[in-house]
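The numbering used here puts the first residue of the sequence shown at 663, with every later residue one more than the last. Backbone N, C-alpha and C fix where the C-beta goes; we use that ideal spot for every residue, glycine too. Everything numeric in this text was worked out from a predicted model, so none of it was measured. Below is one structure, written out as structure tokens; comments come after it.
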Amino acid sequence: MLATLLALAWSISAGLLPAAAAATLDAKIASRWTPGGYDFSRAGYAGGERPIPTLAGAKVFNVKQLGAKGNGIALDNGPVQVALRHALASRAGGVVFFPAGTYLLSQPLYANASNIVLRGAGSNKTRLVFTRSLSQVYGVQWGVDKCTGGPTALWTAGAGMIMFSGHKQAAAIKQVARVVTSKQIQPGATRLPVSTTRGIRKGQWLTLWLDDDSTASKPAEECENMKDVYNITTDSASAAVGVTSAGGAAGGSTPILQTRPLPAKLAADPFVQAALEAHTWAETEGISTVQAAAQDARFRAASGEVSAAWARAKPGTVAAWVYGNNLVDSGGAGAINGRAVRMNFRVTRVGAGFIDIDRDLIYPLKPGWKATLAEYNPGIQNSGIEGLTIAFRRSGKYEGHHSDRGYNGIHMASAANCWIRDIKVLHADNGIFVTKTDFTTVSDIVIDSADRTISDGLNVNGHHAISVVFNGQGNLVTRFEVRKRYWHDLTVSASQKLTVFSRGRGGDMNLDHHRAGPMANLFSDLNLGKGSRPWTSSGRDDRGAHSGRGTVFWNLRTDRPGQAIPLPTCDFGPLLTFAFKRHRGSTCPASQWKVTTWKPPQPTDLHLAQVALRRSAAPG
């Protein structure tokens, strides 16, 4: 027995086995205020390791020096596009600088390179006013939802008038190894046994994908793929733009779709591609042809939903684990997309048949799961948008759910270590999209609008205010204000994880969990405003419960001191944590929630407290 213990001690000291008693810094941070919780301290630009850069060595291209007027009267498309082309061509990186003024633009701005910044003189000094929507720019409004056969707005889930995208670069992914184990590796592990270490080096960033039958492509998933989207064409004889009536009789019967393939030129455009890709990954719901006709003809409509029965993934599968081992609805086949359950980390050691990683594993690795390691390739890095107001001229009333005309502000896609800061977005269908993006900071944001509501009693001014979705990790949205009601004020979906929304407020804000397995996110130090709809969420019903496991809601409150925050319904998600000064409603023991009372000396913002703890424990 003594010999066995001595051998075990030697193995631990030699680094061959983990020392179970030695908690990692990640584990200490995660459990300090939320036992069994997660470490959110690495959210934001560069995982919180470095401040957002100024790109001091990059070339600066002043749009006024290139001929822009900035007087709010003349269109400034030409000089602005020239400045952007120069910045993209600069090897040292480029800054497109907008001095104080109002710049009228009718064309979107697109960047697909690292080390590019669009910079204004400050959101109170520099205004970009767009005179057209994306549907007007491209002449495309409706597509066909291939799941329902009904129309859906092309611009409802992606693309913005300012878009930074590394999609093409990120598509080139090289797999390097598999994690091989006959026993389950628990969350918290920092050592991974691998099939090969060839080509893996210390300091390298890798991505781990987890897949099995529950995440494989299924007919329902293929149904969503809108690469073959059809555009609804206009019948000049019809009073309803984009649809014709069966038989063509005036005042006639139910409208039908008249379709044609999306033209190749448009299909190749990066803005249209972003919109199509968003539909491929999003949990969109179509609307009826009658509703589309009403929107086009009368500039208003209602929304529609796709319904599905409550489902359980096969026990032991990836999808079942994400949803708390089926404590709640884990969705139908393909509820979680392939390669969506993923984690990014840096290699700290390469050994004989193993690698060590710089952070605790947040997933278990079970025999039978396909655990693939690939080179981390985020697309673009170190690019940002800052110091600007983005406004839309004559965007009109918001017509209804999934009817977006493409008055969209910013879209950051397939990126890492980027930023969007000191930004106002006014009169938009969608404010800010952040998709397939990691370790990016969105800060000092105002989303506001003139009254765009229609007389339907819902009082919403647009679709998404701030949406952080699709497989991302460790993003930070902080110091923000959503002044008007949107269908979805803050959104997470599709395996978004370790993302933080903090120190923000809204007029009547909701925290939209849009299904497909978002998990382990943090909503901290938020003022919900009126507080009438904090849990109003959407997403296709066959995509599982709204939230996966491990999300934390910390110190939420309303404008009314002492008002109790209602808890969501028990099917909202499993293994959730709620810490409010006052709450009401069921604490849902069957869903294994942790519901506590927040009060000093507990930290006001859990994220800042975790960051401070990490920095105080850092060597040196």
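query                                                                                                                                                                               : result
Taking only three categories from DSSP, how would you classify Glu939?                                                                                                              : helix
Between Gly756 and Trp1081, what straight-line distance do the alpha-carbon atoms span, to the nearest angstrom?                                                                    : 15 Å
Return the chain-ordered list of same chain residues with a C-beta closer than 6 Å to the C-beta of Ala1078, the five sequence neighbours on each side being excluded.              : Pro1040, Gln1043, Asp1100, Phe1101
Residue ranges of each beta strand (DSSP E) run of no fewer than 3 residues wholly in the stretch 1153-1213, ordered along the chain?                                               : 1162-1168, 1173-1175, 1184-1189
On the DSSP bridge list, what partners appear for Ala839?                                                                                                                           : Leu1035
Does the stretch 785-804 come into contact with the stretch 1048-1062, if we say contact requires no fewer than three beta-carbon pairs (one atom in each stretch) closer than 8 Å? : yes
Alpha carbons only, please: which of Arg1246, Cys1232, Ala1241, Gly1191 is nearest the one belonging to Arg1222?                                                                    : Gly1191
May I have a chain-ordered list of the alpha helix (DSSP H) segments no shorter than 4 residues that lie completely inside the stretch 970-1001?                                    : 980-984
Any contact between the stretch 818-832 and the stretch 1004-1023? By contact I mean 3 or more CB pairs, one from each, below 8 Å.                                                  : no
Between Ser1209 and His1175, is the Cβ-Cβ spacing less than 9 Å?                                                                                                                    : yes
Assuming Ser992 contacts Gly1206 under a Cβ cut-off of 8 Å, what Cβ separation, rounded to an integer in Å, is found between them?                                                  : 5 Å
Would you tell me roughly how many angstroms separate the C-alpha atoms of Arg781 and Leu1027, rounded to the nearest one?                                                          : 43 Å
Ignore the nearest five residues each way along the sequence and tell me which others in Tyr1148's own chain have a CB closer than 7 Å to its CB.                                   : Val1122, Asn1123, Gly1124, His1125, His1126, Ala1127
Taking 9 Å as the cut-off, decide whether the C-beta atoms of Ser1186 and His1269 are in contact.                                                                                   : yes
Along the chain, where does the beta strand (DSSP E) containing Trp695 start, and where does it finish?                                                                             : Premise fails: Trp695 lies in the alpha helix (DSSP H), 687-695, not in any beta strand (DSSP E).
Helix, strand or coil for Leu750 per DSSP?                                                                                                                                          : helix
Considering only C-alpha positions, which residue in the set Trp1197, Pro1029, Thr1051, Arg1246 is nearest to Thr843?                                                               : Pro1029
Strictly by DSSP, which residues pair up with Ser1105?                                                                                                                              : Arg1083, Thr1140
Would you kindly work out how many angstroms separate the C-alpha atoms of Gly1201 and Thr818, rounded to a whole number?                                                           : 13 Å
Thinking C-beta only, is Lys1159 closer than 9 Å to Ile1024?                                                                                                                        : yes
Assuming Ala1279 and Leu687 form a contact by the criterion Cβ under 8 Å, report the distance between their Cβ atoms to the nearest whole angstrom.                                 : 6 Å
Quick check for students: name the residue ranges of the alpha helix (DSSP H) that lie wholly in the stretch 1039-1086, counting only runs of 4 or more.                            : none
Evaluate Thr1249 with the Cβ neighbour count: other Cβ atoms within 10 Å of its Cβ, from every protein chain shown; 16 or more gives buried, anything less gives exposed.           : exposed
Write down the C-beta distance between Leu1050 and Thr788 rounded to the nearest angstrom, noting that I regard them as a contact closer than 8 Å.                                  : 5 Å
Closest to Lys1086 by C-alpha separation, out of Thr1239, Gly784, Phe1234, would be which residue?                                                                                  : Gly784
Please name the residue or residues paired with Trp871 in a DSSP beta bridge.                                                                                                       : Arg1004, Thr1034
By DSSP, does Tyr772 sit in helix, in strand, or in coil?                                                                                                                           : strand
Tyr765 by DSSP, collapsed to three states: which one?                                                                                                                               : strand
How should Glu711 be labelled, buried or exposed, when 16 other C-beta atoms within 10 angstroms of its C-beta is the threshold for buried?                                         : exposed
For the beta strand (DSSP E) containing His1126, name the first residue and the last one.                                                                                           : 1126-1131
How long is the line joining the alpha carbons of Phe1016 and Gln798, rounded to whole angstroms?                                                                                   : 54 Å
Specify the secondary structure class of Gly740 as computed by DSSP and reduced to three states.                                                                                    : helix
Tell me where the beta strand (DSSP E) around Ala1241 begins and ends.                                                                                                              : 1239-1242
Applying the criterion that 16 or more other CB atoms from any shown protein chain within 10 Å of the CB defines a buried residue, is Ile835 buried or exposed?                     : exposed
Should Asn1133 go down as buried or exposed, given a rule of 16 or more other Cβ atoms within 10 Å for buried?                                                                      : buried
Which residues does DSSP pair with Arg853 in a beta bridge?                                                                                                                         : Asp1018
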